[in-house]
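Undergrad: My structure is below; once you've seen it, I'll send some questions.
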């Protein structure tokens, strides 16, 4: 490849600079110029042809490089997009975790506040309990001191025989048996756990087929083993023992106030005097009238929580305590007024 300056330089060296010398070379210089131009054209064509082939190859290489770079950029963009999406998901997960942690923290703070409040209340209860404990200790110390003082006072007092509690039942003893040895012997034979069922009768009710006979038959049928009869005469004692019931004869004088009221009322008036003998010997007595029908053992139904237990004909609390209720009827005639008066008195009471 020859540049323009090199061609000018060669022409200057070929062509003579002296004007006198140019004339013989005019024709030659023209031919040489034409040849030189042709030769330069050929060189330029070769040069440009070579450069054109090279530029096409370079363009193909550049195009392939551009495609590769474009593909690399596309792959990089896709990778960056995936990383961006992954980062967004991680960010959302972090935000969710942060929200959950924040909620958990709020709940924990609420629970902690509740725990603090419970602790304060517990401390208040503890303080209150300590105060109550101190008061109880002081009270216990005071009671112990009072007990010690009372014990000392009892020790300082002269020894006296304590009086028996009137609610404490008496128990049979050899000393008590001396008051009525015959009755005491019978009661030791009949009683169970120092308890006995007693009916009081005279010969008016002791005849065969009488009320005493019915009473004894029902007592035996109900399985009452500790039942006996207090006979007011020998005939009653004989009839009772003939029925297999233990009998004890007692001769008691009927008071003047009961002599003219009938035999049954006179016998009723003696019941409390007879009971006194039993009680003084230390026995509990279940007193029964002879017109009572015993269906079950009454000792299985006693509460034994009071000094006196009794059976009532009442069917509720009102009538059990003696308040009477009755129905009026034309058949009662004059008795209707008495029944109405009883009902009126019951309402007032």
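Residue numbers (my numbering): 147 to 495. Beta carbons are placed, not taken as given, at the ideal position from N, Cα and C, and that holds for glycine. Note that this is a predicted model, so its numbers are computed, not measured.
With hydrogens ignored, establish whether the beta-carbon of residue 232 is closer than 7 Å to any heavy atom of the ligand FAD.
TA: Only the bare structure without any ligand can be found here, which leaves the ligand FAD out of the picture.
Undergrad: Tell me the start and end of each unbroken alpha helix (DSSP H) in the region 282-348 that is at least 4 residues and wholly inside, in chain order.
TA: 320-323 and 327-336
Undergrad: What residues in its chain sit with their C-beta under 8 Å from that of residue 398, if we drop five residues either side in the sequence?
TA: 378, 416, 419 and 420
Undergrad: Taking just the CA atoms, how far does residue 387 sit from residue 349?
TA: 13 Å
Undergrad: Rounded to whole angstroms, how far is the Cβ of residue 383 from the Cβ of residue 393, which I believe are closer than 8 Å?
TA: Distance from residue 383 to residue 393 at the Cβ level is roughly 4 Å; contact confirmed, criterion being Cβ atoms closer than 8 Å.
Undergrad: Would you mind reading off the limits of the beta strand (DSSP E) that contains residue 393?
TA: It spans 392-395 - the beta strand (DSSP E) in which residue 393 sits, taken as one unbroken run.
Undergrad: Grouping DSSP H, G and I as helix and E and B as strand, with all else coil, what is residue 184?
TA: helix
Undergrad: Return the CA-CA distance between residue 255 and residue 249, expressed in angstroms with no decimal places.
TA: 10 Å
Undergrad: Buried or exposed for residue 338, going by 16 or more other Cβ atoms inside 10 Å?
TA: exposed
Undergrad: Our contact map puts residue 372 next to residue 343 with C-beta atoms below 8 Å; I'd like the distance itself, whole angstroms only.
TA: Separation of the CB atoms of residue 372 and residue 343 is rounded to 6 Å, and the pair is thereby assigned contact status at 8 Å.
Undergrad: Alpha carbons only, please: which of 385, 245 and 346 is nearest the one belonging to residue 436?
TA: 346
Undergrad: Can you tell me whether residue 434 is helix, strand or coil according to DSSP?
TA: strand
Undergrad: Quick check: the region 422-441 against the region 313-329, are at least 3 beta-carbon pairs closer than 8 Å?
TA: yes
Undergrad: According to DSSP, is residue 376 part of a helix, a strand, or is it coil?
TA: strand
Undergrad: Measuring alpha carbon to alpha carbon, tell me which residue in 414, 442, 456 and 440 is nearest residue 431.
TA: 456
Undergrad: Using 8 Å as the threshold, is the C-beta distance between residue 381 and residue 359 below it?
TA: no
Undergrad: Closest to residue 441 by CA distance: which of 351, 364, 447 and 189 is it?
TA: 364
Undergrad: In angstroms with no decimal places, state the Cα-to-Cα distance between residue 190 and residue 216.
TA: 37 Å
Undergrad: In terms of residue numbering, what span does the alpha helix (DSSP H) encompassing residue 364 cover?
TA: 357-367
Undergrad: Does chain D have any CB closer than 8 Å to the CB of residue 425?
TA: No chain D is part of this structure, which consists of one protein chain only.
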